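**Q**
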Amino acid sequence: MIIYVIILQNVLCTNSDAAKQSETDSILERQVLAQYEAFRIAQPNDHANKYLHIILTNRYRDCCDEASLGLAYAKRLVDVYLQGVKSLVEECFPETIKKQKEIVRRQNHGNLTNQKTIYESLLSIFIDIFIRKYLDNLKPQNILNEEELKMYKESFSLQKDALLLDPDDFYLLKLTKTPLLTKKQKNEKIDANMIDKTFRAILIKKVFILIVKCFKNLSLNFSELSVYDIEKNTETLKNEIDKNAFINNIKKVYKKNKSKVPPYYCVSSRSSSYLNIFGTSMKNVYDLHTPEIVSNYFCDEFPDDFHINNFTMSFNYSNIHALYPYKMDISGEVFPKSMKDCFILAYNAYSSKVKPKKVYLTIFLEIEIWLDIFIDQILSELEDKYLDIIF
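Just so we're aligned, residue 125 is where the sequence shown starts under the numbering used here, counting upward by one.
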């Protein structure tokens, strides 16, 4: 990992007009503006520190480590309720094949006429099996209360119908239109589909989406959740911040540069700040951070099937903190243009409010993420020069 620390003074403000004129992704822009509203409402409680701290990282684990500080007890909720999910998912694959073949054997397979319909049927069966297994193995953990746990369980059946294969999925699967007329043809296609790496990754992604939806359904149905408890969050935070690798890296960087660590990353200031959760509501923090914590679990447990390419930006001034986990496509470029536009938009929004004396920009880069891009660019350049490439 390479770390850069840059101190800026009135450098980025000149890009304001460019940001307004750019084709910034509309969803990302709405996120920036929503975060800015929380930032605008909150008032800094310490004007002695007139520095705006911006931290960028392209490592998904850093994003999770940062998110886990926003509502530390929510991370414990996710960690506990995801225990055993990997083994359950793996058990679903052979059981899905068996169930689908039983349907074919019973002649009740008139709608399974091609590869597309079999993919759709396999997804439906897979999700049904996972939900049954997950709920059978789910134990009360004294984190959610009785009503919350009941709603969480009910959410799985409510959300499963929304988990359909979309056009992007079908594009990745490269469907064939060959009709399937016999049981043998259908059984062979079932076996082939379930060992297809792309389809496996899609199934795992659908489980991820399902779990995130069920966690979010809690905040939609309860104005106050057990995981919002200030005392429990403060206690959990003390343990979390000591073992948080990203926070330890930040502290090392700031110590080396003899700078004061932003309050968000200090346990003493964080403990006293859960009351206003750095200018936004507990619900907003829960909704923003929970998906990042779930995605970290899936990245760790399914490294060959589940990939999240994040470029996380956090803005810190006094007691105010705003986090943007930007999902980026690194297949063609290192810094996507929309990510740059978002950065400029967010910077101008915050700097115009607090008017910082200095801006500390700290960048944590994991170069390995971009190696394939660099290699492709080098090979392309060599090919343009009519050089032979030998592998």
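Quick reminder that beta carbons are idealized off the backbone N, C-alpha and C, glycines included.
Everything numeric in this text was worked out from a predicted model, so none of it was measured.
Excluding the five sequence neighbours on either side, which residues of its own chain have a C-beta within less than 8 Å of the C-beta of L288, listed in chain order?
**A** Sequence index remark: in the sequence shown, residue 288 carries index 164 (1-based). Hits under 8 Å: E244, L247.
**Q** I believe K223 touches I253 by the beta-carbon criterion, under 8 Å. Please report the beta-carbon distance rounded to the nearest angstrom.
**A** The sequence position of residue 223 within the sequence shown is 99, counting from 1. The sequence position of residue 253 within the sequence shown is 129, counting from 1. So it is a contact: roughly 7 Å between Cβ atoms.
**Q** State the CB to CB distance for the pair Y421 and V478, rounded to an integer number of angstroms; the pair is presumed to be in contact (CB under 8 Å).
**A** Taking the first residue of the sequence shown as 1, we reach residue 421 at position 297. Taking the first residue of the sequence shown as 1, we reach residue 478 at position 354. No, Y421 and V478 are not in contact; Cβ-Cβ is about 35 Å, not under 8 Å.
**Q** Quick test of the definition: if touching needs 3 or more C-beta pairs under 8 Å, does the segment 426-437 touch the segment 325-335?
**A** yes
**Q** Output yes or no for whether 8 Å exceeds the beta carbon distance between I417 and V202.
**A** Within the sequence shown, the letter at position 293 stands for residue 417. Within the sequence shown, the letter at position 78 stands for residue 202. In this structure, V202 lies closer than 8 Å to I417 by Cβ.
**Q** Spatial neighbours of P264 within its chain, please: C-beta separation below 7 Å, excluding the five flanking residues on both sides.
**A** As a first step, residue 264 must be located in the sequence shown, where it is residue number 140. Excluding positions up to five away in sequence, the list reads L273.
**Q** Does F449 pass the burial test, meaning 16 or more other C-beta atoms within 10 Å, or should it be called exposed?
**A** For the purposes of this step, residue 449 is taken as the residue at position 325 of the sequence shown. Before going further, note that residue 449 is Pro rather than Phe in the sequence given. Answer is buried; the Cβ neighbour count reaches 16.
**Q** Please state the DSSP three-state secondary structure of K310.
**A** Working through the sequence shown from its first residue, we reach residue 310 at position 186. DSSP places K310 in helix when its eight states are reduced to three.
**Q** In angstroms with no decimal places, state the Cα-to-Cα distance between A369 and L193.
**A** Your numbering for residue 369 matches position 245 in the sequence shown. Your numbering for residue 193 matches position 69 in the sequence shown. Looking at the two C-alpha atoms, the distance is approximately 12 Å.
**Q** Can you give the Cα-Cα distance for F467 and I365, rounded to whole angstroms?
**A** Taking the first residue of the sequence shown as 1, we reach residue 467 at position 343. Taking the first residue of the sequence shown as 1, we reach residue 365 at position 241. One C-alpha to the other measures close to 27 Å.
**Q** Whose C-beta lies closer than 6 Å to the C-beta of Q309 among residues of the same chain, with five residues either side of it excluded?
**A** Locating residue 309 in the sequence shown gives position 185, counting from the first residue. None.
**Q** Between L296 and the rest of its own chain, which residues show a CB-CB distance below 6 Å, the 5 nearest in sequence each way excluded?
**A** Indexing the sequence shown from 1 puts residue 296 at position 172. The residues are T322.
**Q** Taking 8 Å as the threshold (C-beta atoms), are F332 and S534 in contact?
**A** This structure cannot speak to residue 534, because the chain is shown only from 125 to 515.
**Q** According to DSSP, is N182 helix, strand or coil?
**A** Position 58 of the sequence shown, counting from 1, holds the residue named residue 182. Coil.
**Q** Could you please give the first and the last residue of the uninterrupted alpha helix (DSSP H) stretch that includes L485?
**A** As a working mapping, residue 485 is identified with position 361 in the sequence shown. Where L485 is concerned, there is no enclosing alpha helix (DSSP H), although the beta strand (DSSP E) it sits in stretches over 482-489.
**Q** Between the Cα of L304 and those of T237, K210, A446, spot the shortest distance and give me the residue it belongs to.
**A** Translated into positions along the sequence shown, residue 304 becomes position 180. Among T237, K210, A446, the Cα nearest to that of L304 is on T237.
**Q** Would you call I255 buried or exposed, if buried means 16 or more other Cβ atoms sit within 10 Å of its Cβ?
**A** Mapped onto the sequence shown, residue 255 falls at position 131. I255 comes out buried.
**Q** May I ask you to report which of helix, strand or coil DSSP gives L206?
**A** Position 82 of the sequence shown, counted from the first residue, corresponds to residue 206. L206: coil per DSSP, three-state reduction.
**Q** Can you tell me which residues form a DSSP beta bridge with F439?
**A** On the sequence shown, position 315 is the one that residue 439 refers to. Beta bridge pairing from DSSP links F439 with I178, A446.
**Q** Below 8 Å CB to CB, which residues in the same chain sit around N269 once its five sequence neighbours on both sides are set aside?
**A** Here residue 269 refers to the residue found at position 145 when the sequence shown is read from its first residue. Answer for N269: S350, listed in chain order.
**Q** State the DSSP-derived secondary structure class of N373, mapped to helix, strand or coil.
**A** The sequence position of residue 373 within the sequence shown is 249, counting from 1. Reduced to three states, the DSSP call for N373 is helix.
**Q** Just verifying my parser: in three-state terms, what is the DSSP assignment at N433?
**A** As a working mapping, residue 433 is identified with position 309 in the sequence shown. It is coil, neither helix nor strand.
**Q** Just curious, the alpha helix (DSSP H) that K263 is in, first and last residue?
**A** Start at 1 with the first residue of the sequence shown, and residue 263 comes out as number 139. Careful: K263 lies outside any alpha helix (DSSP H) and carries neither H nor E.
**Q** My guess is that V228 and N311 are in contact by the Cβ rule of under 8 Å, so how many angstroms apart are they, rounded?
**A** To locate residue 228, count along the sequence shown from 1; it is residue 104. To locate residue 311, count along the sequence shown from 1; it is residue 187. Their Cβ separation, rounded to whole angstroms, is 6 Å, which keeps V228 and N311 in contact under 8 Å.
**Q** Verify whether the separation of the beta carbon atoms of N345 and M437 is less than 8 Å.
**A** Position 221 of the sequence shown, counted from the first residue, corresponds to residue 345. Position 313 of the sequence shown, counted from the first residue, corresponds to residue 437. Not in contact: N345 and M437 (Cβ atoms no closer than 8 Å).
**Q** Roughly how many angstroms lie between the CA atoms of Y378 and K367, to the nearest whole one?
**A** The count along the sequence shown starts at 1 and reaches residue 378 at position 254. The count along the sequence shown starts at 1 and reaches residue 367 at position 243. When rounded, the distance between both Cα atoms is 18 Å.
**Q** Just reading off the alpha helix (DSSP H) that T237 is part of, what are its end residues?
**A** Start at 1 with the first residue of the sequence shown, and residue 237 comes out as number 113. First-last for T237: undefined, no H or E at that position.
**Q** Measure the Cβ-Cβ separation of F439 and Y474 and say whether it is below 8 Å.
**A** Here residue 439 corresponds to residue number 315 of the sequence shown, with the count starting at 1. Here residue 474 corresponds to residue number 350 of the sequence shown, with the count starting at 1. Cβ atoms of F439 and Y474: closer than 8 Å.
**Q** Report all residues from its chain with a CB closer than 6 Å to the CB of F339; omit the five preceding and five following residues, and keep chain order.
**A** Working through the sequence shown from its first residue, we reach residue 339 at position 215. Cβ neighbours of F339 beyond the five flanking positions: T414.
**Q** Could you give the C-beta distance for K277 and L299, rounded to a whole number, given that I count them as a contact under 8 Å?
**A** Along the sequence shown, read from residue 1 onward, the residue named residue 277 stands at position 153. Along the sequence shown, read from residue 1 onward, the residue named residue 299 stands at position 175. With a Cβ gap of about 35 Å, K277 and L299 do not count as contacting.
**Q** Reducing DSSP to helix, strand and coil, say where S383 ends up.
**A** If you number the sequence shown from 1, residue 383 lands on position 259. Reduced to three states, the DSSP call for S383 is coil.
**Q** How big is the Cα-Cα spacing for I314 and N408?
**A** In the sequence shown, counting from the first residue as 1, residue 314 sits at position 190. In the sequence shown, counting from the first residue as 1, residue 408 sits at position 284. Cα-Cα distance, rounded: 42 Å.
**Q** Exposed or buried, which one is N235 when buried takes at least 16 other CB atoms within 10 Å?
**A** Within the sequence shown, residue 235 is the residue found at index 111, counting from 1. The residue is exposed, with fewer than 16 neighbouring Cβ atoms inside 10 Å.
**Q** Note the first and the last residue of the continuous alpha helix (DSSP H) segment covering S462.
**A** Along the sequence shown, one-based indexing puts residue 462 at 338. Looking at the DSSP string, the run of the alpha helix (DSSP H) that includes S462 is 461-478.
**Q** Short of 7 Å in beta carbon distance, which residues of its chain neighbour Y363, apart from the five on each side in sequence? Order them along the chain.
**A** The sequence position of residue 363 within the sequence shown is 239, counting from 1. As written in the sequence, residue 363 is Asn, which differs from the Tyr given in the question. The answer is none, since no qualifying residue turns up.
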